[in-house]
Amino acid sequence: MNDRAENNRSQVSQWLKYSVNSPWLTLITCLVLILFASIGAKNLTFRGDYNIFFDKTNPQLMVFEDIQARFAKTDSLAVVISPDDGNVFTAKTLKLIRDFTDDAWQTPYSSRVDSLANYQHTEAIEDDLLVQDLVHDEFAFSPKEINKVKHIALSEPATLSSIVSTIGDVAVINITVQLPEIDKTAEVVEVHDFVTEIIKTYQNQYPGVTFYKAGVVELNHALMAAAQQDMMTLVPLMLLVVLVFLTLMLQSFFTVLATLLVIITSVLATLGLSGWFGMYMNIATVNIPTLVLTLAVADCVHIVATMRHHMLEGKEKSQAIIMSLKVNALPVIITSVTTSLGFLMMNMSDSPVLRNFGSLASLGVMIACVLALSLFPALLQLFPFTIESSKNDKGKPLLMDRLADFVITKRVVLLPVFIIIVLSSIALIPQNKISDDSVKYFHKSSEFRQAADFMKEHISGMGTISIAIDTGEEQGIVANEFLAVNEAFTGWLRLQPEVHHVASMTDTFKRLNKNMHGDDNAYYRLPENRELAAQYLLMYEMSLPYGLDLNNQINIDKSALKLQVTIDNLGSDELVNLENRIYQWFTKYTPSDSSYKVSASSPFVMFAHIGEANMRSMLLSLPISLLLISGLLVVALRSLKLGLLSMIPNMVPALIGFGFWALISGEINLGLSVVASLTLGIVVDDAVHFLTKYQSVRKKGRSAEESVRYAFHTVGKALMITTVVLVSGFLVLAMSSFRINSDMGQLCSIVIFLALLVDLFFLPCLLMLFDNKRITV
1 MNDRAENNRS QVSQWLKYSV NSPWLTLITC LVLILFASIG AKNLTFRGDY
51 NIFFDKTNPQ LMVFEDIQAR FAKTDSLAVV ISPDDGNVFT AKTLKLIRDF
101 TDDAWQTPYS SRVDSLANYQ HTEAIEDDLL VQDLVHDEFA FSPKEINKVK
151 HIALSEPATL SSIVSTIGDV AVINITVQLP EIDKTAEVVE VHDFVTEIIK
201 TYQNQYPGVT FYKAGVVELN HALMAAAQQD MMTLVPLMLL VVLVFLTLML
251 QSFFTVLATL LVIITSVLAT LGLSGWFGMY MNIATVNIPT LVLTLAVADC
301 VHIVATMRHH MLEGKEKSQA IIMSLKVNAL PVIITSVTTS LGFLMMNMSD
351 SPVLRNFGSL ASLGVMIACV LALSLFPALL QLFPFTIESS KNDKGKPLLM
401 DRLADFVITK RVVLLPVFII IVLSSIALIP QNKISDDSVK YFHKSSEFRQ
451 AADFMKEHIS GMGTISIAID TGEEQGIVAN EFLAVNEAFT GWLRLQPEVH
501 HVASMTDTFK RLNKNMHGDD NAYYRLPENR ELAAQYLLMY EMSLPYGLDL
551 NNQINIDKSA LKLQVTIDNL GSDELVNLEN RIYQWFTKYT PSDSSYKVSA
601 SSPFVMFAHI GEANMRSMLL SLPISLLLIS GLLVVALRSL KLGLLSMIPN
651 MVPALIGFGF WALISGEINL GLSVVASLTL GIVVDDAVHF LTKYQSVRKK
701 GRSAEESVRY AFHTVGKALM ITTVVLVSGF LVLAMSSFRI NSDMGQLCSI
751 VIFLALLVDL FFLPCLLMLF DNKRITV
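Per full-length UniProt numbering, the sequence shown starts with residue 1, numbered consecutively.
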């Protein structure tokens with residue numbers, strides 16, 4: 001058994017020496033493999049639509065797609081028109097709205113355009129029903145006619161808080177599109193660009209009018225814009241940050257160059273392989289280069305730090321590199337595997353976006369590990385550099401020695417302080433609440449966020465809920481009982497504080513009944529019987545122009561209708577609460593013997609549910625991650641005690657971090673729901689390197705205090721460097737304009753920094769408390 005172990009160690013030793021003894025062959029082999037992997041990047045595509053956040057089996061998505069299949073799709077781009085004089089009811093602005101509406105019909109894939117200009121107003125002319133555009137082609141724009149338009153627009157439930165604000169200062173032109181979805185990303189860009197050009201034209205003609213773009217199409221475009229901005233700014237910024245920190249800390253041009261080459265090739269290989277695997281980039285995975293850059297540095301820094309230590313002791317460069325590899329190979333492999341496991345646990349997420357993110361990050365971590373143990377030593381061997389001892393070099397270890405002395409002498413105080421901090425943080429964690437408001441995913445500088453905030457302030461929120469009510473029988477929507485239920489439901493919805501507007505067919509029936517009774521307001525009520533309602537509906541449908549039919553509210557056989565509810569920009573809890581109240585109302589107020597079925601969903605409802613579902617999945621994966629990583633450490637360290645002790649510093653940073661987050665924000669969105677699993681693998685890095693150095697001398701019979709002091713002396717500086725780089729990397733991610741990424745980066749940087757404090761001040765106290773038995777060699 002001992003011979004086999006010795007043989008294995010000899011093979012490992014030969015493998016580690018290979019890249020140093022044969023640097024050119026190693027370099028050429030690595031570059032050829034990296035080049036082949038990188039070619040796959042040409043296969044990468046980008047998706048920026050909101051659907052990528054949801055599985056096809058997502059319950060809310062399935063309900064929404066069913067509603068979309070039975071009724072006209074509701075994907076739209078809303079153009080908000082705000083005249084500086086605060087009055088849309090002027091000849092100039094009404095003409096703008098009419099002309100813009102006509103041009104908007106030319107939008108690619110458009111199926112419908114709704115505005116004040118083409119609102120289908122109905123009125124009685126003797127025994128006839130007149131249905132025409134509110135601002136028709138022969139409109140004279142006289143004060144009398146304008147006042148009539150204003151009176152109608154501000155009194156009709158169909159228009160108020162939908163296409164015109166309650167005080168008439170803002171109007172909306174809503175363009176509904178039917179995207180073929182062959183390449184949805186390109187189609188969204190095409191629609192956005194076309195409407196943007198129209199706006200530019202009218203902006204020049206009407207300098208006193210401000211235009212905003214909102215709607216689901218703009219949501220999709222905003223996702224793409226945020227991803228593009230992150231790719232163009234964060235990756236170069238991260239490269240700059242890494243370059244600056246490495247230059248300051250490693251103080252060697254060629255060492256910095258070797259490290260940069262490793263992290264750049266790691267990124268290229270990761271992106272290339274993802275292309276070979278048929279994966280696509282999205283709003284989250286565009287930040288994979290930033291993440292891989294950050295994690296790759298950590299591997300290289302430990303190798304460089306130990307190599308530098310041996311060279312300062314007088315060892316030759318080749319010998320120092322090999323000695324560094326022997327010391328660091330196992331910790332680097334362990335930390336890479338545990339980090340990779342942490343990211344792989346994201347595959348238990350309910351969101352495909354986060355699963356792709358986890359898979360790509362895991363791949364990138366392992367590629368960086370392989371290159372750090374092969375390409376990096378070869379580059380160090382080939383590059384001409386020497387390291388000379390200096391006062392600065394001598395001073396830095398002394399700092400870590402003094403820190404070790406402080407921790408050893410103050411451990412009686414430090415241990416209870418950390419325990420109090422941990423318990424206090426655990427108590428704060430329940431103060432966090434899950435909240436996914438898709439509008440707030442975007443920074444306030446985003447055009448989409450500005451449009452959504454403007455709409456919320458002046459006309460309505462941008463949130464919507466599509467509610468389909470199925471009667472279970474053909475022509476069932478004209479039945480008196482159903483109309484009465486729908487009228488009561490519409491009235492209840494309009495009383496809800498979150499609701500801004502309800503588009504309901506009962507308003508149309510009441511208006512038609514009034515029209516057919518000489519526009520007598522006393523008849524503004526539902527038709528008296530089913531036959532009359534069916535006649536009104538048929539007559540009205542036959543009078544509507546092409547493109548403005550009722551397919552967006554009624555299905556083909558008239559067995560079901562849809563209410564479109566516009567709501568405030570709500571967080572997850574509030575939106576889910578409203579959704580539950582909708583279902584509860586139907587359960588309570590519809591006849592028990594009826595066959596009515598109600599279903600409600602929308603992209604906003606889907607986002608409201610995904611955070612909570614994802615948090616449940618991550619809570620299930622966290623214990624699995626912890627057990628796998630702890631088990632791996634027990635085997636790698638060959639010590640049950642140290643493996644179990646490592647669980648504490650691995651868990652504590654996330655517990656404290658989420659406790660702090662309750663004080664900082666208190667909102668947990670889709671991105672933050674994976675932070676615990678994500679950081680678990682990363683924070684193991686510091687603990688593993690500290691424990692391996694501690695254990696190496698502990699086995700030689702040194703006391704726990706002496707072993708702690710040795711660990712500080714040999715690895716303390718490297719831990720600080722890697723933490724600074726990791727925190728910097730995640731802080732760069734925190735600068736993302738997309739909140740899921742920025743919040744994730746912010747909390748991850750907090751947790752990683754806390755991990756350093758825990759490993760330097762808490763872990764040593766635990767080791768000296770629980771591993772204080774004398775070892776006889």
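In this text, a Cβ means the ideal position worked out from N, Cα and C, and glycines have one as well.
* So is Q746 buried or exposed if we call it buried at 16+ other beta carbons inside 10 Å? -> Residue mapping note: residue 746 aligns to position 746 of the sequence shown, counting from 1. Buried: at least 16 other Cβ atoms inside 10 Å.
* **Close beta carbons around Q381, own chain, < 8 Å, minus the five adjacent residues each side** => In the sequence shown, the residue the question calls residue 381 occupies position 381. The beta carbon of Q381 lies closer than 8 Å to those of S19, V20, P23, K317, S318, I321 in the same chain, with the five residues before and after it left out.
* Asked: So what's H309 in DSSP terms, helix, strand or just coil?
  -> If you number the sequence shown from 1, residue 309 lands on position 309. Residue state for H309 is assigned as helix, using DSSP reduced to three classes.
* To do: Taking the CB atoms as reference points, tell me whether G342 and L680 lie closer together than 7 Å.
  => Working through the sequence shown from its first residue, we reach residue 342 at position 342. Working through the sequence shown from its first residue, we reach residue 680 at position 680. In this structure, L680 lies closer than 7 Å to G342 by Cβ.
* Asked: Do the region 75–94 and the region 158–173 make contact, defined as three or more Cβ pairs closer than 8 Å?
  -> Result yes; three or more Cβ-Cβ pairs closer than 8 Å.
* Give the DSSP-derived three-state secondary structure of D771 in the structure shown. => On the sequence shown, position 771 is the one that residue 771 refers to. D771: coil per DSSP, three-state reduction.
* Asked: Since K597 sits in a beta bridge, which residues does DSSP pair it with?
  -> Counting from 1 along the sequence shown, the entry for residue 597 is found at position 597. According to DSSP, K597 bridges with D470.
* **Given K433 as reference, the closest of S543, M615, L33, V149 once Cα atoms are compared** => Mapped onto the sequence shown, residue 433 falls at position 433. Measuring from the Cα of K433, the nearest candidate turns out to be M615.
* Asked: K444 to A222, Cα distance in whole Å?
  -> On the sequence shown, residue 444 is found 444 positions in, with the first residue counted as 1. On the sequence shown, residue 222 is found 222 positions in, with the first residue counted as 1. Taking the straight line joining both Cα atoms gives about 12 Å.
* Within 10 angstroms of the Cβ of P497, are there 16 or more other Cβ atoms? Answer buried if so, exposed if not. => Start at 1 with the first residue of the sequence shown, and residue 497 comes out as number 497. Counting the other Cβ atoms within 10 Å of the Cβ of P497 gives fewer than 16, which makes it exposed.
* Should V725 and F245 be called a contact, given that it needs their Cβ atoms to be closer than 7 Å? -> Against the sequence shown, residue 725 aligns to sequence position 725. Against the sequence shown, residue 245 aligns to sequence position 245. F245 sits close to V725, with the two beta carbons spaced by under 7 Å.
* To do: Closer than 6 Å by C-beta to residue 778: which residues in its own chain qualify, once you throw out the five before and the five after it? Chain order, please.
  => As displayed, the chain neither begins before 1 nor continues past 777, which places residue 778 out of reach and without an answer.
* Report buried or exposed for R402, applying the criterion of at least 16 other Cβ atoms within 10 angstroms of its Cβ. => Translated into the one-based positions of the sequence shown, residue 402 becomes position 402. With fewer than 16 Cβ atoms within 10 Å of its Cβ, R402 is classed as exposed.
* Mapping DSSP to helix, strand and coil, what is M366? -> Here residue 366 refers to the residue found at position 366 when the sequence shown is read from its first residue. M366 falls in the helix class under three-state DSSP.
* To do: Specify the secondary structure class of H443 as computed by DSSP and reduced to three states.
  => Counting from 1 along the sequence shown, the entry for residue 443 is found at position 443. Three-state result, H443: coil.
* Exposed or buried, what is P289 when buried is set at 16 or more other beta-carbons lying within 10 Å of its beta-carbon? -> Counting from one through the sequence shown, the residue named residue 289 turns up at place 289. Per the 10 Å Cβ criterion, buried.
* Please check the pair V727 and G657, which I expect to be a contact at CB under 8 Å, by giving their CB distance rounded to whole angstroms. => Residue numbering aside, residue 727 sits at position 727 when the sequence shown is read from its first letter. Residue numbering aside, residue 657 sits at position 657 when the sequence shown is read from its first letter. Not confirmed; about 12 Å, so no contact.
* Asked: What alpha helix (DSSP H) runs, 4 residues minimum, are completely inside the region 173–217?
  -> For secondary structure counted as the alpha helix (DSSP H) over 4 or more consecutive residues, the region 173–217 holds these complete runs in sequence order: 184–205.
* To do: Could you check the C-alpha separation between I740 and M279 for me, to the nearest Å?
  => For the purposes of this step, residue 740 is taken as the residue at position 740 of the sequence shown. For the purposes of this step, residue 279 is taken as the residue at position 279 of the sequence shown. Taking C-alpha positions only, I740 is separated from M279 by approximately 21 Å.
* Measure from the alpha carbon of L250 to the alpha carbon of each residue in M307, T270, Q205, N204, then state which is nearest. => By one-based count along the sequence shown, residue 250 stands at place 250. It is M307 whose Cα lies nearest to the Cα of L250.
* To do: Go ahead and label Q60 buried or exposed: buried means 16 or more other beta carbons lie within 10 angstroms of its beta carbon, across all protein chains shown.
  => What you label residue 60 is simply residue 60 of the sequence shown in a count that begins at 1. Buried, since its Cβ has 16 or more Cβ neighbours within 10 Å.
* Three-state secondary structure assigned by DSSP to F141 -> Within the sequence shown, residue 141 is the residue found at index 141, counting from 1. F141 falls in the coil class under three-state DSSP.
* To do: Express the C-alpha separation of F761 and Y710 in angstroms, rounding to a whole number.
  => On the sequence shown, position 710 is the one that residue 710 refers to. On the sequence shown, position 761 is the one that residue 761 refers to. Taking the straight line from one Cα to the other gives about 15 Å.
* 7 Å CB neighbourhood of R494 in its chain, flanking five on each side removed -> Along the sequence shown, one-based indexing puts residue 494 at 494. Same-chain partners within the cutoff: V502.
* For residue 781, which option in V217, L670, L363, T714 has the closest C-alpha, if you only look at C-alpha atoms? -> Since the first residue shown for the chain is 1 and the last is 777, residue 781 is missing from the structure and cannot be characterised.
* Residues that DSSP places opposite A124 in a beta bridge -> For the purposes of this step, residue 124 is taken as the residue at position 124 of the sequence shown. A124 pairs with L129.
* In whole angstroms, what is the alpha-carbon distance linking T335 and T464? -> Walking along the sequence shown from the start, residue 335 turns up at place 335. Walking along the sequence shown from the start, residue 464 turns up at place 464. C-alpha separation (whole angstroms): 45 Å.
* Between L371 and C748, which are expected to be in contact by the criterion C-beta below 8 Å, what is the C-beta distance as a whole number of angstroms? -> As a working mapping, residue 371 is identified with position 371 in the sequence shown. As a working mapping, residue 748 is identified with position 748 in the sequence shown. Wrong, their Cβ atoms sit about 23 Å apart, outside the cutoff.
* To do: Work out the CA separation of F489 and A479 for me, nearest whole Å.
  => In the sequence shown, the residue the question calls residue 479 occupies position 479. In the sequence shown, the residue the question calls residue 489 occupies position 489. A479 and F489: Cα-Cα distance of roughly 15 Å.
* Asked: Less than 7 Å separating the beta-carbons of V353 and N287?
  -> Taking the sequence shown and counting its residues from 1, the one referred to as residue 353 is at position 353. Taking the sequence shown and counting its residues from 1, the one referred to as residue 287 is at position 287. Going by C-beta atoms, V353 is not nearer than 7 Å to N287.
* Asked: In terms of residue numbering, what span does the beta strand (DSSP E) encompassing L563 cover?
  -> Here the question's residue 563 lines up with position 563 in the sequence shown. That run of the beta strand (DSSP E) goes 560–567.
* **Contacts around L360, its chain only, beta-carbon distance under 8 Å, and the 5 residues preceding and following it disregarded** => One-based indexing of the sequence shown puts residue 360 at position 360. Take L360, set aside five residues on each side of it, and the residues of its chain with a beta-carbon closer than 8 Å to its own are T270, S274, M279, T285, I288, in chain order.
* When the distance is taken between beta carbons, is V732 closer than 7 Å to L237? -> Walking along the sequence shown from the start, residue 237 turns up at place 237. Walking along the sequence shown from the start, residue 732 turns up at place 732. With respect to the 7 Å criterion, L237 and V732 are classified as neighbours on the basis of their beta carbons.
* **Option in L691, S639, E612 with minimal Cα separation from N650** => Position 650 of the sequence shown, counted from the start, is the residue given in the question as residue 650. That would be L691, whose Cα lies nearest to the Cα of N650.
* Asked: CB D436 to CB N58, shorter than 7 Å?
  -> In the sequence shown, counting from the first residue as 1, residue 436 sits at position 436. In the sequence shown, counting from the first residue as 1, residue 58 sits at position 58. At least 7 Å separates the beta-carbon of D436 from that of N58.
* Taking the C-alpha atoms as reference points, what is the distance between D393 and D771? -> For the purposes of this step, residue 393 is taken as the residue at position 393 of the sequence shown. For the purposes of this step, residue 771 is taken as the residue at position 771 of the sequence shown. Bear in mind that the predicted position of D393 carries a pLDDT of just 48, short of 50, making it unreliable; the figure below should be weighed with that in mind. Their Cα atoms are separated by approximately 32 Å.
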